[in-house]
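S.K.: These protein sequence lines are chains A and B, in that order.
The end of the first sequence is residue 320 by the working numbering, with every number in the run present.
The end of the second sequence is residue 320 by the working numbering, with every number in the run present.
Questions regarding the structure given below will be posed in turn.
There are 2 protein chains.
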Amino acid sequence: MEIFLDCLPCVLRQTLEASRLATDDLDLQRKIMEDSIEIISHYKDYECSPDLCRTIHKMVKSRTENKDPYAHIKSRDIKSAKQLLPYLKDFLKEKENSLYWALKIAATGNIIDSAVNNNANMTEYVSGELKKEFLVCDVKLLENKLRTAKNILIIADNAGETVFDQILAERLLPRNITYAVRSNPILNDATVKDAYDSGLDDYAKIISTGCDAPGTILKDCTDEFLNIFKNADIVISKGQGNFETLSECGRPIFFLLKAKCPLISKRLEVSLNEYVFMYK
Amino acid sequence: MEIFLDCLPCVLRQTLEASRLATDDLDLQRKIMEDSIEIISHYKDYECSPDLCRTIHKMVKSRTENKDPYAHIKSRDIKSAKQLLPYLKDFLKEKENSLYWALKIAATGNIIDSAVNNNANMTEYVSGELKKEFLVCDVKLLENKLRTAKNILIIADNAGETVFDQILAERLLPRNITYAVRSNPILNDATVKDAYDSGLDDYAKIISTGCDAPGTILKDCTDEFLNIFKNADIVISKGQGNFETLSECGRPIFFLLKAKCPLISKRLEVSLNEYVFMYK
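Rendered as structure tokens:
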């Protein structure tokens with residue numbers, strides 16, 4: 041997906057957030073914003089928004105000598121999500137269509153960050169989001185494919201959300217599941233360490249995509265990942281960053297996400313903040 | 041008020057909005073954003089955010105040869121606000137403390153734009169906002185000053201809001217009221233034409249401040265305005281842009297606004313979206 045003009049202020053806003061997480065030095069935050077404006081002025085050199093973000097957040101990390109500005113947010117979100125696990129499991133047990141709701145749980149994991157940040161009662165907030173059904177849901181197609189599928193690839197999104205993905209991964213057993221994450225810390229995206237900390241290794245083989253952008257830019261991925269990506273019977277891509285980088289890649293993918301960005305929701309032809317499980 | 045780092049993405053977002061209002065030419069919108077990034081990279085040369093905005097929106101107008109990109113929004117908002125006038129007058133009649141509620145009506149006018157934009161039932165939305173009381177309200181101080189005051193200056197904010205200001209101006213009669221507006225179109229801020237279109241001339245003398253920024257930068261104002269500003273017994277400044285440019289000017293002012301920006305709410309020591317009538 042190309043970079044839209046709307047991405048530019050959004051990327052700049054996100055840079056400020058990252059600069060404040062990475063350092064308390066106000067002068068350094070200011071320099072980061074100035075560098076970021078300079079990078080953004082060359083936005084045409086980047087093929088997609090995650091590509092532009094990678095350059096900016098590498099600069100943030102380099103300027104602050106902080107390799108993982110979102111580290112404490114990620115570990116906080118993983119911890120909070122783990123506290124919710126018994127609730128999530130009970131929620132699923134009560135449902136007749138366990139595949140649909142396992143997908144819905146995995147999609148809802150995406151809001152763990154705001155659930156922790158903004159809410160006195162986290163369980164109540166998550167529960168409200170869980171109950172919202174998918175606006176688009178190609179679960180029938182997934183059911184069909186699962187009849188013969190042996191190898192499933194899940195491409196992960198944020199840390200914390202990873203814990204919710206346990207539920208989906210467990211539901212997809214006993215097939216071979218590969219759980220692919222970013223190769224290096226970028227924003228609050230999950231890395232190999234985050235996936236292990238979230239307990240995914242009980243259900244899936246955890247690998248890095250080889251890409252350290254907040255998405256999956258195939259030309260930057262390892263051969264190991266590309267091989268799995270190419271040969272998997274089913275690929276489930278989570279979150280907006282993976283949608284931005286994979287939606288035009290040629291191979292059919294199930295995109296599982298909450299449409300939190302106006303441009304992505306427009307591209308998906310759904311309203312803002314709707315949940316989607318779309319085969320494309 | 042200085043330019044905060046948070047202002048930069050916000051200013052850039054506002055530029056995109058203005059570019060889309062000013063032209064349908066996508067290439068031109070792109071050029072505007074690129075120019076805007078260039079201008080923002082020199083943000084340190086500007087003394088406050090309205091000063092920076094002025095330069096950017098002059099560029100938008102010049103690039104698109106559109107002297108008033110917000111013209112149709114302004115006339116739409118004035119028209120909508122006029123439809124609400126009978127409701128606003130009835131609302132005030134029912135209130136015991138008519139000064140407090142005339143101020144509250146004038147402050148609530150600030151949301152006319154979003155009321156028109158986002159709501160099927162505009163009256164219901166405005167009514168909900170009207171009922172919210174001020175978090176800070178120096179109305180007692182105003183009452184005291186009104187006992188002897190002869191000359192009152194109101195510095196206006198947005199078009200549409202101007203219609204709500206009629207109610208306040210009427211309540212302040214029979215004193216001499218001057219109603220000051222921007223010298224040229226900038227964003228949806230009120231100009232002399234907008235003030236006349238809103239019917240303010242029945243209650244006040246309408247003048248231009250001489251400043252065409254979305255605020256009141258005193259060094260750019262006319263001698264006529266500065267004379268009135270200096271000698272008025274009471275100055276009521278409306279909206280955030282005027283607060284940003286006048287809050288450290290030395291002369292005591294009643295600031296009447298809704299704190300819609302996190303930095304301004306922080307400066308006012310109130311929560312976001314609270315209404316304030318503060319003597320400072």
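Each residue gets a CB set at the ideal place from its N, CA and C atoms; glycine is no exception.
(1) Let's test the definition: count the other Cβ atoms within 10 Å of the Cβ of LYS144/B and tell me whether it reaches 16, buried, or not, exposed.
(2) Could you name the residues of the segment 301-313 of chain A whose beta carbon sits closer than 8 Å to any beta carbon of chain B, in the order they occur along the chain?
(3) Classify GLU105/A as buried or exposed, calling it buried when 16 or more other Cβ atoms lie within 10 Å of its own Cβ.
(4) In the DSSP output, which residue or residues are listed as bridge partners for THR231/A?
(5) Name the chain B residues that come within less than 9 Å of ASP46/A, Cβ to Cβ?
(6) Below 8 Å between beta carbons: does that hold for ASP273/B and ALA189/B?
(7) Tell me LYS298/A's beta-bridge partners as DSSP assigns them.
(8) So is LYS278/A buried or exposed if we call it buried at 16+ other beta carbons inside 10 Å?
(9) Using the C-alpha atoms, what's the distance from ASP91/A back to THR256/A?
(10) Tell me which residues share the same chain as ILE43/A and place their Cβ nearer than 7 Å to its Cβ, disregarding the 5 neighbours each side in the sequence.
(11) Consider the Cβ of GLU78/A: report whether some Cβ of chain B lies at a distance smaller than 8 Å.
(12) What number of angstroms, rounded off, separates the C-alpha of LYS180/A from the C-alpha of ARG53/A?
(13) Give me the chain A residues within the contact set of ARG70/B, using Cβ-Cβ distance strictly less than 8 Å, ordered along the chain.
(14) Note down the Cα distance separating ASN137/B from GLU57/B, rounded to an integer number of angstroms.
(15) Give me the Cα-Cα distance between LEU227/A and ARG94/A, rounded to the nearest whole angstrom.
(16) Does chain A have any CB closer than 8 Å to the CB of SER154/B?
(17) If you measure between the beta carbons of TYR315/A and ALA147/A, is that distance less than 8 Å?
(18) Name the DSSP beta bridge partners of ILE246/B, please?
(19) Which residue comes first and which comes last in the beta strand (DSSP E) that contains ILE276/A?
(20) Should the segment 239-255 of chain A be called in touch with the segment 163-177 of chain A, which here means at least 3 C-beta pairs below 8 Å?
(21) When you compare each of PRO302/A, VAL100/A, ILE113/A to ASP65/A by their alpha carbons, which one comes out closest?
(22) For the candidate residues ASP242/A, ASP237/A, PHE204/A, LYS98/A, whose alpha-carbon lies nearest to that of THR218/A?
(23) For SER81/A, go through chain B and note every residue whose CB falls closer than 8 Å to its CB, in chain order.
(24) Which residues mark the beginning and the end of the beta strand (DSSP E) in which LEU170/B is found?
(25) Taking only three categories from DSSP, how would you classify LEU303/B?
(26) Run through DSSP, which three-state label would ILE79/A get?
(27) Check the Cβ-Cβ distances between PRO214/B and every residue of chain A, and say whether any is below 8 Å.
(28) Given a cut-off of 8 Å on the beta-carbon distance, is the pair LEU286/A and ILE293/A in contact?
(29) Can you tell me where the alpha helix (DSSP H) holding LEU139/B begins and where it ends?
M.R.: Considering the structure as presented:
(1) Residue 144/B sits at position 104 when you count from the first residue of the second sequence. With 16 or more Cβ atoms within 10 Å of its Cβ, LYS144/B is classed as buried.
(2) Residues passing the 8 Å Cβ filter: none.
(3) The sequence position of residue 105/A within the first sequence is 65, counting from 1. With fewer than 16 other Cβ atoms within 10 Å, it is exposed.
(4) Numbered from 1 along the first sequence, position 191 holds the residue referred to as residue 231/A. Answer is ARG222/A, bridged to THR231/A.
(5) Locating residue 46/A in the first sequence gives position 6, counting from the first residue. Around ASP46/A, the beta-carbon contacts reaching into chain B at under 9 Å are ARG53, LEU56.
(6) Numbered from its first residue, the second sequence carries residue 273/B at position 233. Numbered from its first residue, the second sequence carries residue 189/B at position 149. The answer is yes: Cβ separation under 8 Å.
(7) Numbered from its first residue, the first sequence carries residue 298/A at position 258. Bridge partners of LYS298/A: TYR315/A.
(8) Residue mapping note: residue 278/A aligns to position 238 of the first sequence, counting from 1. LYS278/A counts as buried, since no fewer than 16 other beta carbons sit within 10 angstroms of its beta carbon.
(9) For the purposes of this step, residue 256/A is taken as the residue at position 216 of the first sequence. For the purposes of this step, residue 91/A is taken as the residue at position 51 of the first sequence. In this structure, the CA atom of THR256/A is about 9 Å from the CA atom of ASP91/A.
(10) Counted from its first residue, the first sequence places residue 43/A at position 3. Within the same chain, ILE43/A has close Cβ partners TYR83, TYR86, CYS88, SER89, LEU92.
(11) As a first step, residue 78/A must be located in the first sequence, where it is residue number 38. Output row for GLU78/A: interface = yes.
(12) One-based indexing of the first sequence puts residue 180/A at position 140. One-based indexing of the first sequence puts residue 53/A at position 13. The straight-line gap from Cα to Cα measures roughly 39 Å.
(13) For this step, residue 70/B is matched to residue 30 along the second sequence. Going along chain A in sequence order, the residues near ARG70/B (Cβ under 8 Å) are LEU45.
(14) Taking the first residue of the second sequence as position 1, residue 137/B is located at position 97. Taking the first residue of the second sequence as position 1, residue 57/B is located at position 17. Straight-line measurement puts the Cα of GLU57/B at about 39 Å from the Cα of ASN137/B.
(15) Start at 1 with the first residue of the first sequence, and residue 227/A comes out as number 187. Start at 1 with the first residue of the first sequence, and residue 94/A comes out as number 54. In a straight line, the C-alpha of LEU227/A is about 9 Å away from that of ARG94/A.
(16) Taking the second sequence and counting its residues from 1, the one referred to as residue 154/B is at position 114. For SER154/B, no Cβ of chain A is located within less than 8 Å of the residue's own Cβ.
(17) Here residue 315/A is taken as the residue at index 275 of the first sequence, counted from 1. Here residue 147/A is taken as the residue at index 107 of the first sequence, counted from 1. Cβ distance < 8 Å, so TYR315/A and ALA147/A count as in contact.
(18) Mapped onto the second sequence, residue 246/B falls at position 206. TYR219/B, per the DSSP bridge assignment.
(19) If you number the first sequence from 1, residue 276/A lands on position 236. Per DSSP, the continuous beta strand (DSSP E) segment holding ILE276/A begins and ends at 274-278.
(20) As far as the Cβ criterion goes, the segment 239-255 of chain A does not touch the segment 163-177 of chain A, which means the pair count is below three.
(21) For the purposes of this step, residue 65/A is taken as the residue at position 25 of the first sequence. Residue nearest to ASP65/A within the set PRO302/A, VAL100/A, ILE113/A is VAL100/A (criterion: CA-CA distance).
(22) Start at 1 with the first residue of the first sequence, and residue 218/A comes out as number 178. Out of ASP242/A, ASP237/A, PHE204/A, LYS98/A, ASP242/A has the C-alpha closest to the C-alpha of THR218/A.
(23) Here residue 81/A refers to the residue found at position 41 when the first sequence is read from its first residue. Within 8 Å Cβ-Cβ: GLU74, ILE77, GLU78, SER81.
(24) Working through the second sequence from its first residue, we reach residue 170/B at position 130. Element bounds for LEU170/B: not the beta strand (DSSP E) but the alpha helix (DSSP H), 162-171.
(25) Looking up residue 303/B in the second sequence gives position 263. It is helical.
(26) Position 39 of the first sequence, counted from the first residue, corresponds to residue 79/A. ILE79/A sits in a helix when the DSSP states are folded into three classes.
(27) Working through the second sequence from its first residue, we reach residue 214/B at position 174. Chain A contact via Cβ: absent.
(28) Position 246 of the first sequence, counting from 1, holds the residue named residue 286/A. Position 253 of the first sequence, counting from 1, holds the residue named residue 293/A. Taking 8 Å as the Cβ cut-off, LEU286/A and ILE293/A qualify as a contacting pair.
(29) Here residue 139/B is taken as the residue at index 99 of the second sequence, counted from 1. Its alpha helix (DSSP H) spans residues 138-148.
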